[in-house]
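*Asks:* Handing you a structure now.
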Amino acid sequence: MIENINLDPRMIFLFGGVGAILLVASVIGFALSRTVKSDAGRDTVRNLNARIKAWWGMVAVFAIAFAFGKAVTLVLFAFTSFYCLREFISLTPTRPSDHRAIAAAFYLFIPLQYWLIWVSWLTMLTILIPVYAFLLLPVLAVLRGETEDFLLRTAKIQWGLMLTVFCISHAPALLILNIPNYTNVYLLFFLVTVVQLSDVMQYVFGKLFGRHKIAPNVSPSKTIEGFVGGGLAATGIGAALFWITPFSPLEAAGMALVIVLAGFLGGLVLSAVKRSLGAKDWGTMIEGHGGALDRMDSVTFAAPLFFHLVNYFYTV
Amino acid sequence: MIRPLLIGTARFLVGGHGLWVGCEPSERQRIYFANHSSHLDTLLLWAALPPHLRDMTHPVAAADYWGKGTVRRHIAMDVLNAVLIDRSGTRTSDPLQPLHDVLASGESLIIFPEGTRAFEKLPGPFKSGLYHLAERHPEAELVPVFLDNLRRALPKGSLLPVPISCVARFGAPIRLDAGEEKAAFLERARDAVVALA
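Have a look at this one:
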């Protein structure tokens, strides 16, 4: 096991860089928590520090995944899907007659989807949930004979599976693309870094310069200034990371821009889903559990898009 | 060995942390009474207590379910410290006697006063057991608990729990007032659980 650990100097450099940035952020967060006195300001600082803490966890998880390779990465993403789906289903009012469909979603489709990535079965991993789960789950539910809200209930479980399992699994699926003379794990690093930086930059720019709300009813914290400033910053950082990708600097900027846009729209859509279920944060409705989906919402939309672009233009 | 495994699995699947809304965890003698909708209820409520309170708190379990089979019986008796009661109706002695014994020894109980699992979110009418316990043991605090979402994680009639976040909400203790009628008290106790829903 030990000799399989990936200790590529580039990887160590990248993680060192991310760690340094987070360290600076943590110090700033701590200083702010000591100096900010107003109630609104304190809320913002608390939110910021919660995010920084979540990113530390995420970085630790990724460092482990990258060091130990594909199997560990897949297991970690499978658990991420598990926690996100649990959050999604917990907030969604299902009925006892949905029990079998929910059990199949968790115990059949999560392992199956990640197993397909493990065996590099590309065609099947892109149709398993959109086709076969789509057909099987309503069958399991209909056998219980309850017709009330049938379409609504079926649709909710399918949506949950699509977002939290199908979409998120496209991030680790980057590992199985056949790109000549390239170590795919850097693509995963590129995707996750750009998505997360885009989130935080939009948040920071929004706090600093935000005036005009983009969608006040859906996501009151999103502003035009935050989106443009944060999006451009994340695109720039993505371009600067071109040397770890198979892309040219310009292509890397283009890819980063696509990730930023998809991530932004994903955040917006999931925010609307969340609100339609009557919650503000995915994690807070059922107290004592973190909002995994709050951190993964942008990934759900960005991952499949990025996966398909790379697959179409850069694989043999 | 089995205890941490059981609690760990439950935490992983359904969470089930305790939320102390109306009171704090305490070593005082208590009777926790909760709504009942799932076979997970007993384990979850007991696991929601802080570890040092679990040893002195005994869930009351139906002998016709938890007493059957070696595994179930072992989990009920040795892992959960349960007290089994006979709800068959064919008994000759007082079925509540084992509960009186536990309370007389100064330890706490977890009971599900509906007597059976409900299909609905809100509990059905309470059986009189809680009243008799309250009458004989006025020193014990009666703590209402609402177990949220468990009927979705493992509904009546299903064998496999699914991962849905659950929570145990502990309310403010109630007492049997002097001269209070049985029906009125049971209704008030049920309302205390419903208020936490």
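Listed in order, the protein sequences are those of chains C and V.
One gets the numbering used here by counting positions in the first sequence from 1 and adding 5 to each.
One gets the numbering used here by counting positions in the second sequence from 1 and adding 196 to each.
A virtual CB, placed ideally from N, CA and C, is assigned to each residue, including glycine.
If you draw a straight line from the C-alpha of arginine 15/C to the C-alpha of glycine 21/C, how long is it?
*Replies:* Going by the C-alpha atoms only, they are around 10 Å apart.
*Asks:* Could you tell me the alpha carbon to alpha carbon distance between asparagine 277/V and leucine 117/C, rounded to whole angstroms?
*Replies:* Straight-line Cα distance between these residues: approximately 39 Å.
*Asks:* Any beta-carbon of chain A closer than 7 Å to the one on leucine 280/V?
*Replies:* Looking for chain A here will not work: the only protein chains present are C and V.
*Asks:* When DSSP labels each residue in this structure, what does threonine 238/V get in the three-state scheme?
*Replies:* In the structure shown, threonine 238/V sits in a helix (DSSP, three-state: H, G or I).
*Asks:* Let me confirm a value: lysine 264/V is counted as buried when at least 16 other C-beta atoms fall within 10 Å, else exposed. Which label applies?
*Replies:* Looking at its Cβ environment, which holds fewer than 16 other Cβ atoms inside 10 Å, lysine 264/V is exposed.
*Asks:* Suppose you measure from the CA of phenylalanine 232/C to the CA of valine 315/C; what does that come to, to the nearest Å?
*Replies:* Those two C-alpha atoms are separated by around 25 Å.
*Asks:* Can you find a C-beta in chain V that's less than 7 Å from the C-beta of alanine 297/C?
*Replies:* So, not an interface residue.
*Asks:* Within 10 Å of its beta-carbon, does tryptophan 352/C have 16 or more other beta-carbons around it, so buried, or fewer, so exposed?
*Replies:* With chain C covering 6 to 321 only, the question about residue 352/C has no answer from this structure.
*Asks:* Unbroken alpha helix (DSSP H) runs of length 4 or more, entirely within the stretch 97-159 of chain C: which are they?
*Replies:* DSSP runs (the alpha helix (DSSP H)) wholly in the stretch 97-159 of chain C: 104-109, 115-123, 127-132 and 139-147.
*Asks:* Contact between the stretch 51-67 of chain C and the stretch 191-202 of chain C: three or more CB pairs below 8 Å?
*Replies:* Judged by Cβ distances under 8 Å, the stretch 51-67 of chain C makes contact with the stretch 191-202 of chain C, as three or more pairs qualify.
*Asks:* Interface residues of chain V around asparagine 108/C at Cβ under 9 Å?
*Replies:* A small correction: the amino acid at residue 108/C is alanine; asparagine does not occupy that position in the sequence shown. Ordered by position in chain V, the residues that pass the 9 Å Cβ test against alanine 108/C are Ser354, Leu356, Pro357 and Val358.
*Asks:* When Cβ atoms are compared, which residues of the stretch 141-154 of chain C fall closer than 7 Å to chain V?
*Replies:* Listed by position along the chain: nothing, the set is empty.
*Asks:* Along chain C, in chain order, which residues have C-beta atoms closer than 9 Å to that of arginine 348/V?
*Replies:* Under the 9 Å cutoff, chain C gives Ile94, Ser95, Pro98, Thr99, Arg100, Pro101, Asp103, His104 and Ile107.
*Asks:* Determine, using beta carbons only, whether valine 210/V and isoleucine 107/C come nearer to each other than 7 Å.
*Replies:* No.
*Asks:* Check each candidate in Glu223/V, His213/V and Leu236/V and name the one with the smallest Cα separation from leucine 355/V.
*Replies:* Comparing Cα positions, the closest option is Leu236/V.
*Asks:* Give the secondary structure of leucine 292/V by DSSP, where H, G and I count as helix, E and B as strand, and everything else as coil.
*Replies:* Correct three-state label for leucine 292/V: coil.
*Asks:* Just grab the DSSP bridge partners of cysteine 362/V for me.
*Replies:* Paired residue(s): Gly211/V.
*Asks:* How big is the Cα-Cα spacing for isoleucine 203/V and tryptophan 242/V?
*Replies:* Rounded to the nearest angstrom, the two C-alpha atoms are 9 Å apart.
*Asks:* Using the C-alpha atoms, what's the distance from alanine 72/C back to alanine 160/C?
*Replies:* Looking at the two C-alpha atoms, the distance is approximately 38 Å.
*Asks:* Using C-beta distances below 6 Å, list every residue in its chain close to lysine 218/C, excluding the 5 sequence neighbours before and after it, in chain order.
*Replies:* Excluding sequence neighbours, lysine 218/C sits near Thr228.
*Asks:* Quick check on DSSP: helix, strand or coil for valine 223/C?
*Replies:* Residue state, collapsed to three classes: coil.
*Asks:* Are at least three pairs of beta-carbons, each pair with one atom in the stretch 206-221 of chain C and one in the stretch 92-108 of chain C, less than 8 Å apart?
*Replies:* Flag = no, the stretch 206-221 of chain C and the stretch 92-108 of chain C do not touch.
*Asks:* Which chain C residues are close to proline 351/V, counting only those with a beta carbon under 9 Å from its beta carbon?
*Replies:* Those are Arg100, Pro101, Ser102 and His104, listed as they occur along chain C.
*Asks:* Rounded to the nearest angstrom, what separates alanine 391/V and arginine 207/V at their Cα positions?
*Replies:* If I take the Cα positions, the gap works out to 25 Å.
*Asks:* Mind checking if serine 361/V is an interface residue toward chain C, Cβ cutoff 7 Å exclusive?
*Replies:* It does: the Cβ of serine 361/V has a partner Cβ on chain C nearer than 7 Å.
*Asks:* Determine the direct distance from the alpha carbon of tyrosine 317/C to that of glycine 271/C, and round the result to whole angstroms.
*Replies:* The alpha-carbon atoms of glycine 271/C and tyrosine 317/C are separated by roughly 22 Å.
*Asks:* Do isoleucine 370/V and leucine 338/V count as a contact pair if the criterion is CB distance below 7 Å?
*Replies:* Yes, the Cβ-Cβ distance between leucine 338/V and isoleucine 370/V is below 7 Å.
*Asks:* In the DSSP assignment, what residue or residues form a beta bridge with glutamate 303/V?
*Replies:* Per DSSP, none; premise fails for glutamate 303/V.
*Asks:* Can you list, in chain order, the residues of the stretch 330-347 of chain V whose Cβ is nearer than 9 Å to any Cβ on chain C?
*Replies:* Answer in chain order: Asp344, Asn345 and Arg347.
*Asks:* Would you mind telling me which residues of chain V sit closer than 7 Å to arginine 15/C, beta carbon to beta carbon, in chain order?
*Replies:* Correct list: empty, because the minimum Cβ distance to chain V is about 35 Å.
*Asks:* Report the partner residues of tryptophan 262/V according to the DSSP bridge assignment.
*Replies:* Tryptophan 262/V is not bridged to any residue.
*Asks:* Below 8 Å on C-beta distance, what does phenylalanine 87/C contact in chain V?
*Replies:* Simply Pro359.
*Asks:* Could you tell me the distance, in whole angstroms, from the CA atom of glutamate 331/V to the CA atom of glycine 325/V?
*Replies:* Spanning the two alpha carbons is a distance of roughly 10 Å.
*Asks:* Taking Cβ positions only, does threonine 128/C come closer than 7 Å to chain V?
*Replies:* It does not: the Cβ of threonine 128/C has no partner Cβ on chain V nearer than 7 Å.
*Asks:* Can you list, in chain order, the stretches of the alpha helix (DSSP H) that have 4 or more residues and sit fully within the stretch 12-88 of chain C?
*Replies:* Runs found: 14-40 and 44-73.
*Asks:* Going by C-alpha distance, which of Leu166/C, Pro143/C and Val77/C is nearest tyrosine 112/C?
*Replies:* Looking at the Cα atoms, Leu166/C is the closest of the given residues.
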